[in-house]
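Each remark here refers to the structure printed beneath this line.
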Amino acid sequence: MKTKYLGGVLAAATLLCGPAIAADKGYPLDDDITFIVPYSAGGGFDTIVRTLSPALEEAMGATVVPENLPGASGTRGGQAVYRADPDGYTIGIFNIPGLTVSEALGRDIGFNLGEITWIANIAEEKYAIAVKADSPIQSLKDLCDLGRPIKLSDTGKDSTSSITSVLAFDMIGCPISNITGYGGSNDTMIAVMRGEVDATLKPVSSLSKYTKSGDLRFIVTISDVTLVEGVPTTTELGYPELAKFGISRVVGAPPNMPAEIVEKLAAGFEATLKADSVREWAAGTSTTLRYMSPAETTAMMDELSQFYTGYKDLLAQ
Amino acid sequence: MGFDALLDALLQVLGSAGSLYLLGGVVLGLLFGVIPGLGGTTALALLIPVTYSLEPIEAMYLAGGVMGATSFGGSITAILLNTPGTAPNAATTFDGYPLARQGRAGLAIGAAAAASSLGGLIGLITLILFIPIAKQIVLSFGPAEFFLLTILGLTAIAVSVRGKLLRGLIAGCVGLLFAFVGSDAISGDLRFTGGIDYLWDGIPLVPTLTGMFAISQMIELALKGGSVAGAATQASKKQMQISGVGEGVLSVFRHWDVLLRGSIIGTIIGAIPGLGGTVASFLAYSSTAQTDRDPESFGKGNIRGVIAPESANNAKDGGSLIPTVAFGIPGSAETALFLGILVLHGIDPGPAILLYNEREIYGLIVALTAAAIGASLIGLALSRWLVLITRIDAGIVVPVVIALSLTGVYVLDGRMADVLLTIIMGVLGYLMIRFDYPRLTLVIALVLGDTAERSFHQVQLISDGHALDFMMGRPVAVVLLGATVFTFFLPIMRKLRLRRGSRA
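Protein chains in written order, with my numbering: chain S, 189 to 505; chain X, 344 to 847.
Put into structure tokens, the structure is as follows:
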């Protein structure tokens with residue numbers, strides 16, 4: 189009885205004081221912002237978060253603390269964001285469309301992507317197909333005319349590039365044999381150099397390191413605009429639907445986040461992507477920065493979800 | 344061009360604040376090496392945020408200092424406490440600890456120090472000599488070669504556990520079973536995860552190693568009570584005196600063949616991504632014991648059994664940089680973190696890394712060299728006091744080591760499940776000590792199993808099902824196949840020779 193009464197008083201006190209305390213400083217000054225990275229320190233996701241953080245701190249006027257929560261193919265970090273309070277002090281970067289595909293295939297990723305509050309799209313990346321520099325294969329047509337399934341190298345069957353390979357070559361109408369299990373995307377490109385596979389489909393920026401060094405040669409970029417001088421795009425070759433494929437670095441927050449906090453965060457990211465330090469870094473590492481507002485990001489996420497759900501049967505093979 | 348950059352880097356280390364970062368790295372590396380459960384990977388992972396404010400080259404000195412120093416630090420604990428300070432020192436316990444119990448810890452530490460420095464040096468010289476053909480080397484090792492290397496490693500398990508072959512094989516099979524947990528590298532299917540999403544990525548190595556080697560030994564010590572030196576009944580007094588360090592250093596020169604063999608094995612295994620120092624030192628040890636004229640003396644305090652693994656686990660750093668200088672890709676967990684540091688500084692490592700980041704690469708090489716030598720010197724100077732660890736009562740050593748190693752495991756990824764796994768592995772490891780099953784065999788099988796399975800699958804797919812034909816067409820693969828067959832028949836050949844000898 190007594191405890192209940194006490195509890196009531198405490199609740200009332202919190203109700204009264206809560207907004208008062210918040211009004212004291214207001215978001216985002218009350219606490220540090222935790223930026224969850226679902227992969228280990230030193231990787232691609234970690235790097236972009238750590239590079240953006242100082243500029244984001246400046247834009248938000250609050251301390252940003254990157255936190256690595258690796259595990260279970262990026263779902264563990266996503267779950268942590270999903271379970272946090274939507275107070276704006278926990279945000280995370282998401283592996284898209286990796287998680288979208290997992291969800292489309294009906295896998296349990298521990299949360300519902302559709303419930304995440306999307307803050308911004310910060311960077312994107314397009315794919316290309318490359319062969320060994322001295323390979324007789326000169327074009328996508330040559331690759332398809334090998335008279336046998338095309339051997340491609342990839343990391344895991346669930347990796348975004350592997351999924352893109354399966355879908356893209358199905359749309360083009362060429363049979364492939366996707367050899368997965370390589371340690372990292374660099375290893376898949378070295379497999380092409382060793383000659384054990386015919387080609388590989390990878391992000392343009394990763395491949396361009398090896399095309400510049402003269403080890404690999406682009407045959408096509410999977411895009412609607414020319415990304416590499418002299419290399420045809422899939423749209424030019426008559427496959428416009430392929431331009432949808434790519435990787436997005438998307439920032440999300442816990443479900444049901446109040447609109448004003450979303451706005452503040454989105455504005456913070458918009459300013460961050462304009463910062464000199466970030467632009468310089470992006471140019472040095474051939475990263476394509478691309479800001480999208482919360483509404484645009486949410487629309488993109490829905491569209492991607494529908495797109496991949498449409499290919500559920502093909503992917504489940 | 345290469346030597347100019349090397350000289351430049353050397354002068355810079357000596358001249359500027361570089362030496363301060365280097366020294367800091369070495370001390371940190373030694374410390375993380377000595378403490379079981381904390382290793383080079385943990386140290387580097389913790390340092391990543393610190394390197395933010397540093398110049399890339401300064402970060403390299405710090406990272407190089409850590410990388411070069413941990414494995415010697417770990418050998419001290421391996422010799423004195425029978426607990427490898429870092430996993431690559433596991434093989435050092437086989438002969439290092441018996442030596443310590445015979446009151447010859449000084450000899451073992453001296454040999455470990457010299458073998459670490461010289462092994463590291465040989466690995467780095469090999470690296471520098473091979474830089475011009477680094478690309479060809481990396482390209483000649485594909486899935487076929489990876490697969491055969493792992494088979495060679497697994498064969499070495501069978502022949503290394505003298506006298507307890509069956510137990511060794513059982514432990515190895517359990518390790519292989521553990522290796523199958525998690526998503527299949529090829530199909531992505533989940534196996535043996537029991538509905539626990541922690542196991543999706545397989546059984547992680549660091550918690551397993553820490554549990555198997557550090558926690559298990561601490562349980563053993565706690566149950567026995569007393570102190571390590573007390574537990575070692577014979578010659579416990581003599582153990583306290585570090586004598587014969589000089590002799591130990593000299594012994595490495597006397598057994599230069601072992602040094603060379605260990606360093607070469609270390610360099611090669613180091614260059615193979617995913618295998619690492621534990622496998623390198625294990626292979627160096629087993630191959631040395633196997634081809635020795637008196638294999639029975641190993642495991643009882645043969646100094647050659649200390650030199651082989653210690654030279655291998657430092658030489659592996661040089662080897663692990665071969666894929667790095669060729670294509671900007673990591674050859675080990677440590678080089679992966681090192682590349683991560685470069686990325687943080689806005690450098691994108693790639694095949695042109697030597698062209699654009701020559702300064703950083705040679706800086707790291709110089710730092711590694713200096714660290715390998717410096718760590719040994721500092722370690723030797725401190726060895727007199729370090730030995731006192733063995734005198735401390737178990738009531739103090741055990742909680743401190745357990746707390747430190749569990750914290751280390753937690754810090755790496757911030758997962759409580761890692762800590763739980765470490766404890767489980769610790770109990771399993773203790774049971775293995777208690778019932779006399781070799782723990783290292785389990786760990787080696789766990790490390791190799793993953794690569795073996797994956798690369799075999801890949802060879803099958805690449806060769807359209809004609810794996811053997813494909814392998815026979817690759818020269819490196821043929822050599823490895825020959826070495827595997829040789830290792831397998833070695834004990835039989837020796838037996839035959841002995842029989843012939845006794846008949847004569």
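Quick reminder that beta carbons are idealized off the backbone N, C-alpha and C, glycines included.
Helix, strand or coil at residue i [DSSP, three-state]
| i | result |
| --- | --- |
| D807 (chain X) | coil |
| L482 (chain X) | helix |
| F670 (chain X) | helix |
| T497 (chain S) | helix |
| E398 (chain X) | coil |
| L350 (chain X) | helix |
| F831 (chain X) | helix |
| E468 (chain S) | helix |
| I690 (chain X) | coil |
| F299 (chain S) | coil |
| A321 (chain S) | coil |
| S459 (chain X) | helix |
| G361 (chain X) | helix |
Chain X contact for residue i (CB, 8 Å cutoff)
| i | result |
| --- | --- |
| T476 (chain S) | no |
| Y398 (chain S) | yes |
| P258 (chain S) | yes |
| M359 (chain S) | no |
| T288 (chain S) | no |
| M381 (chain S) | yes |
| T473 (chain S) | yes |
| I153 (chain S) | Because residue 153 (chain S) is not part of the residues shown, which for chain S are 189 to 505, the question remains open. |
| A211 (chain S) | Note that A211 (chain S) scores 44 on pLDDT, short of 50, meaning its location in the model is unreliable and no value can be drawn from it. |
| N283 (chain S) | no |
| I367 (chain S) | yes |
Range covered by the beta strand (DSSP E) that runs through residue i
| i | result |
| --- | --- |
| R271 (chain S) | That residue, R271 (chain S), is in no beta strand (DSSP E); its alpha helix (DSSP H) goes 263-271. |
| P254 (chain S) | 252-256 |
| V450 (chain S) | V450 (chain S) -> not in any beta strand (DSSP E); alpha helix (DSSP H) instead, spanning 447-460. |
| K345 (chain S) | K345 (chain S) -> no beta strand (DSSP E), and no H or E assigned at all. |
| M480 (chain S) | 476-480 |
| F406 (chain S) | 404-410 |
| F535 (chain X) | No beta strand (DSSP E) holds F535 (chain X); DSSP gives it neither H nor E. |
| G133 (chain S) | This structure cannot speak to residue 133 (chain S), because chain S is shown only from 189 to 505. |
| Y780 (chain X) | Run containing Y780 (chain X): none; DSSP gives neither H nor E here. |
| R437 (chain S) | 435-441 |
| E313 (chain S) | 305-313 |
| I284 (chain S) | 278-284 |
Start-to-end residues for the alpha helix (DSSP H) that takes in residue i
| i | result |
| --- | --- |
| M768 (chain X) | 759-777 |
| T634 (chain X) | 619-634 |
| K659 (chain X) | 647-663 |
| A724 (chain X) | 701-729 |
| F223 (chain S) | Element bounds for F223 (chain S): not the alpha helix (DSSP H) but the beta strand (DSSP E), 221-225. |
| Y753 (chain X) | 737-756 |
| T414 (chain S) | That residue, T414 (chain S), is in no alpha helix (DSSP H); it is neither H nor E in DSSP. |
Contact with chain S by residue i, beta-carbon distance below 8 Å
| i | result |
| --- | --- |
| Y699 (chain X) | no |
| L482 (chain X) | yes |
| A528 (chain X) | yes |
| V517 (chain X) | no |
| V369 (chain X) | no |
| G620 (chain X) | no |
| Y753 (chain X) | no |
| R758 (chain X) | yes |
| D822 (chain X) | The sequence shown places Val at residue 822 (chain X), not Asp. False, the Cβ-Cβ gap to chain S never drops below 8 Å. |
| F832 (chain X) | no |
| P818 (chain X) | no |
| T576 (chain X) | Low local confidence applies: a pLDDT of 47 at T576 (chain X) is under 50, so the model's placement there is unreliable, and no value is given. |
| R797 (chain X) | yes |
Cβ separation of residue i and residue j, assumed to be a contact under 8 Å, to the nearest whole Å
| i | j | result |
| --- | --- | --- |
| K345 (chain S) | S806 (chain X) | Not a contact, Cβ separation roughly 20 Å. |
| Y315 (chain S) | D342 (chain S) | Contact doesn't hold; Cβ gap of about 12 Å is too wide. |
| G706 (chain X) | G671 (chain X) | That belief does not hold up - the Cβ atoms of G706 (chain X) and G671 (chain X) are roughly 16 Å apart, past 8 Å. |
| F473 (chain X) | I480 (chain X) | 6 Å |
| Y496 (chain S) | A292 (chain S) | 4 Å |
| I307 (chain S) | A268 (chain S) | At roughly 16 Å, the Cβ-Cβ gap does not stay under 8 Å, so I307 (chain S) and A268 (chain S) are not in contact. |
Inset, instruction - Output the residue ranges of the alpha helix (DSSP H) runs that lie fully inside the segment 365-401 of chain S and measure 4 residues or longer, sorted by chain position. - result: You should have 373-382, 392-400.
Legend entry - Runs of alpha helix (DSSP H) wholly within the segment 364-440 of chain X (minimum 4 residues, chain order): If we require 4 residues or more, the alpha helix (DSSP H) runs fully inside the segment 364-440 of chain X come out as 383-390, 399-424.
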